[in-house]
Amino acid sequence: GVILDSELTMSKHVNALCRNASFSLGRTQHLLDQQTTELLVHAFITSTFDSCNGILYGLPDSELFKLQRMQNSAARLVTRVRGRVHMKPVLQRLHWLPVRQRIEFKVLLLTYKSLHNMAPSYISELIHIYTPLRQLCSSDELLLATPSLRSVRTTTYGDRSFSAAAPRLWNALPSSLRRAQTLNQFKCNLKKSV
């Protein structure tokens, strides 16, 4: 589940995720072989980070840093890396995206599914393909219409909504990626590009 606070800062939710991950990490340390540790980390840590992580889009760096620290700890546990090691190569070796990129990946995946009738209609209705008033070079680029400032309402929460975030992220993708024919092709190419 998700823990919401009155100002939608998501800090209570992030703190709960980190607390649960920290508890899980502490319990598995040094007890299991690397393969079993990786399975448990996926089951209890990365799966909870990925559950509903689209709502974490647009959070301040201070909140995302907490999650990144937990992900780095999980990667250290799986790979048995100690000390002050730069974690980006370790995450790449595990084929894990950093937290911010995981969130963007999830939003873009949902966008692709929405455009290809693989998502529920209530999500698909939130985004619209951009159709210019006259024929332009970008007419066949499969761009999304960005919502007007009035429809977003507030810069704090509205910019983080799916209807505002999806077009922003989708339109920044290369045209070839937006035109991927299959979901698997899109996911593989997106992971390389994010």
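Numbering-wise (our numbering), the sequence shown opens with residue 2 and increments by one. Beta carbons are placed, not taken as given, at the ideal position from N, Cα and C, and that holds for glycine. From a predicted model like this one, the values you see are computed outputs, not experimental measurements.
Nearest residue (CA-CA) to residue i, options the options
i	options	result
Q69	N172, K193, M119 and W97	W97
L170	Q182, L111 and T183	L111
R94	S162, N73 and L65	N73
P99	Y123, S125, F66 and F45	F66
G59	R83, S125, D51 and S162	S162
C19	K114, V91 and F50	F50
I274	A166, R85 and F45	Here the chain has residues from 2 to 195 only, and residue 274 is not among them.
For residue i: DSSP bridge partner residues
i	result
I130	L145
Integer-rounded CB distance, given that residue j should sit under 8 angstroms from residue i
i	j	result
Q57	I104	First, the amino acid is wrong: residue 57 is Leu here, not Gln. Contact holds; Cβ gap of about 5 angstroms.
V3	C53	5 angstroms
Contact check, residue i vs residue j, beta carbons under 8 angstroms
i	j	result
Q131	L116	Here residue 131 is Tyr; the residue named in the question, Gln, does not match the sequence. No. Outside cutoff.
A75	T47	yes
M71	A120	no
E126	S176	no
S12	E64	yes
Y113	F187	yes
Near the ligand COA: residue i beta-carbon under 7 angstroms from a heavy atom
i	result
K192	What this structure holds is no ligand at all, so the ligand COA is not there to describe.
Could you check whether the region 182-194 touches the region 128-136, counting it as contact only if at least three pairs of C-beta atoms, one from each stretch, sit closer than 8 angstroms?
Contact between the region 182-194 and the region 128-136 is absent: fewer than 3 CB-CB pairs across the two stretches fall below 8 angstroms.
Inter-stretch contact at 8 angstroms, needing at least 3 Cβ pairs: the region 181-188 / the region 75-86
The answer is no - the region 75-86 does not touch the region 181-188, with fewer than three Cβ pairs under 8 angstroms.
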